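Colleague: Its first residue numbered 105, the sequence shown is counted upward by one per residue in the numbering used here.
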Amino acid sequence: RKDVKYTKKCLPREIDIVRKLQHANIIKVHEFILSQFYWLSARRIIFLPEYPFVCIVQDYTDKGDLLRKIRRLKKVNEREGKLHFRQLLEAMKYLKMMEVVHRDIKCENILLDSCENIKITDFGFARLLKIGEKSRTFCGSRAYLAPEIIRAQPYDGFVSDMWSAGIVLYVMTTGMMPYDDKNVKKMLERQLQRRIAYPRSIVISAEVRRLIFDILNPIPGKRPTIDEVIRSKWLAGVPYRIFLQAISDSIIDSEQVT
């Protein structure tokens with residue numbers, strides 16, 4: 105990536121953070137390579153002293169990202185969705201323990217390995233944040249931003265990350281975005297009014313609708329905690345585990361056992 109602001113401000117922080125993280129559902133970064141040479145083509149190389157190029161070497165995830173899976177299947181069925189979301193919550197719990205807020209949780213930043221275990225990636229907006237400390241930086245992807253960030257209010261990054269996870273859950277189970285981010289003012293109005301519409305053609309359980317409604321609470325202090333989401337009716341009884349075979353095969357095997 106070629107970005108002076110990222111290289112000078114965000115990159116050092118990202119390197120410092122990812123080196124500390126060791127979790128099965130967080131991407132493993134092996135190396136950061138900064139180069140002032142940029143290959144435009146096989147025959148043309150330019151030197152960019154003011155615009156260093158950054159290459160990130162990380163684990164290979166051959167299933168792409170979660171958005172790719174959603175587009176391929178139109179939406180993720182709830183059985184698989186529960187397993188993905190349970191892993192996401194476990195990774196978020198670990199990040200909170202490490203006092204790291206991600207600030208850009210979205211489907212594109214959730215990668216899938218060969219067995220479809222999720223791997224949170226892209227810590228470019230991440231920062232260390234003490235519990236109870238507020239952040240003031242406006243950052244993230246617009247469609248996934250919590251209302252307090254859009255309103256430029258000091259925010260608890262862990263609580264706003266939960267909002268983003270709620271958007272991920274909606275997209276995963278419906279194949280659509282809950283809000284149209286082309287008009288931020290209207291999007292904010294719908295968020296504050298808690299207007300969450302569902303396509304008529306989509307059939308999803310009342311339990312997941314309730315969980316999405318609870319997570320997408322415009323009042324930060326009233327959003328459920330990670331543990332409360334894990335204990336919700338939709339996720340109750342869903343164990344956290346890492347898959348050693350394809351997620352669909354794992355579901356079939358568990359059904360045969362029961």
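Every residue, glycine too, gets a C-beta built ideally from N, C-alpha and C. Just so it is clear, the structure is predicted and the values come from calculations on it, not from any experiment.
1) Rounded to whole angstroms, what's the CA-CA distance from Tyr259 to Val272? Just pull it up for me.
2) Where Ile308 and Leu233 are concerned, what is the direct C-alpha to C-alpha distance, given to the nearest angstrom?
3) What would DSSP say about Cys243, mapped onto helix, strand or coil?
4) Taking just the CA atoms, how far does Lys326 sit from His188?
5) In terms of residue numbering, what span does the beta strand (DSSP E) encompassing Lys223 cover?
6) Strictly by DSSP, which residues pair up with Cys159?
7) Who does Val205 pair with in a DSSP beta bridge?
8) Rounded to whole angstroms, what's the CA-CA distance from Arg313 to Val133? Just pull it up for me.
9) Using the Cβ count rule (16 or more neighbours within 10 Å means buried), how would you classify Val161?
10) In or out: Gln360 buried (at least 16 other Cβ within 10 Å) or exposed?
11) Alpha carbons only, please: which of Gly168, Asp208 and Asn181 is nearest the one belonging to Gly279?
Modeller: Let me spell this out:
1) So the two alpha carbons sit approximately 20 Å from each other.
2) In a straight line, the C-alpha of Ile308 is about 36 Å away from that of Leu233.
3) In the three-state reduction of the DSSP assignment, Cys243 falls in the coil class.
4) The straight-line gap from Cα to Cα measures roughly 24 Å.
5) Start and end: Ile222 to Ile224.
6) In the DSSP output, where bridge partners are listed per residue, Cys159 has Ile137.
7) When DSSP reads this structure, Val205 sits in a beta bridge with Arg231.
8) Cα atoms of Arg313 and Val133: separation of roughly 35 Å, rounded to the nearest angstrom.
9) Label assigned to Val161: exposed.
10) Unreliable positioning characterises Gln360 in this predicted model, as indicated by a pLDDT of 45, which lies under 50. The coordinate reading is nonetheless provided below. Its Cβ having fewer than 16 others within 10 Å, Gln360 is exposed.
11) The residue with the shortest Cα to Cα distance from Gly279 is Asn181.
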